[in-house]
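All the letters of the sequence shown, read from the start, carry residue numbers 314 to 546 under my numbering.
Report on the structure given below.
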Amino acid sequence: MTNEELILQRLEAMEERIAFLHERAMGTKYFIEEVTPIGNHAFRLMVEELQDVHGRVHLDDIFELLRRGLRSVPNLNYCLDQLENLIDLWRTMHPAVAPTWPHIIEGLGKWEQDGVFAKLSALKGAGGKVLDANTPEGIEKMGDALAFMTVLLQKLADPNVQVFLARAVDMLAKLDLSQAKPVGMFGMVGALGSKEAKEGLGVAMEVLKALGALKGDGCCACGCAAHAPAKND
């Protein structure tokens, strides 16, 4: 190979390198031309934001934030650990909860159609009115009264008491006061000769005996602790 051929070969290699460098330079130029407007806009925006916080945030505040952030790393790690535990718990419960969730939604919708939530809201409003209309001492007395009424309601569960009340109500329903006529002494004696009058008189005597038992020490017969007679030491 002659010197002229070597020189031409080296010139071709140099041209290839120059073309490669020129291509890189043009790519960098295009990149700068594209990025420069974005950089200028970002710089102006940053300057505007810094002007907005000027006088409110100082360099000491930033350092304090960094220090507190570094000190809070254990707490952040703890929070992340608890979050992972919650995620694991949800992944464990999800297969069991997911099938029942539509049924829960359906049940809540049925309650809404039946007016359960409206009734609960009304009950809440009524409770609020009761609380507003009474003092703490009055509410405490109401609690004592409710406890007393609970004891009475328990006694109403006795079948004998229920039968007696049912018969009494039926008797009052059948009673026709328009048929009542004035009765004198002899008429009363004559009326007492009937079987029904004698049975009624017997019932009245039993009621009178029960009423007499109320006199005693003046205590009710409910047997509750609040009305129990005091024991002598």
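Quick reminder that beta carbons are idealized off the backbone N, C-alpha and C, glycines included.
What you are looking at is a predicted structure, and each value in this text was computed from that prediction instead of being measured.
Counting only residues of its own chain and dropping the five nearest sequence neighbours on each side, Leu524 has no CB closer than 8 angstroms to any other CB. Counted as a single uninterrupted DSSP element, the stretch harbouring Asp471 is not any alpha helix (DSSP H), since DSSP gives it neither H nor E. In the structure shown, His416 falls within a helical segment according to DSSP collapsed to helix, strand and coil.
In the structure shown, Ser385 falls within a coil segment according to DSSP collapsed to helix, strand and coil. Look at Thr448 here: in three-state DSSP terms it is coil, with no helix or strand label. It is roughly 17 angstroms from the alpha-carbon of Lys468 to the alpha-carbon of Ala481. Given a length threshold of 4 residues, each whole run of the alpha helix (DSSP H) inside the stretch 342–407 is given here in chain order: 372–384. Annotation for Leu524: the continuous alpha helix (DSSP H) segment containing it runs Lys508 to Gly525.
DSSP, reduced to helix, strand and coil, places Asp489 outside both helices and strands of the structure shown, so it counts as coil.
Here Gly497 carries a coil assignment [DSSP, helix/strand/coil]. The C-alpha of Tyr343 lies about 21 angstroms from the C-alpha of Glu329.
Leu505 carries a coil assignment under DSSP once its states are collapsed to helix, strand and coil. In this structure, the straight-line span from the alpha carbon of Pro495 to that of Met501 is close to 10 angstroms.
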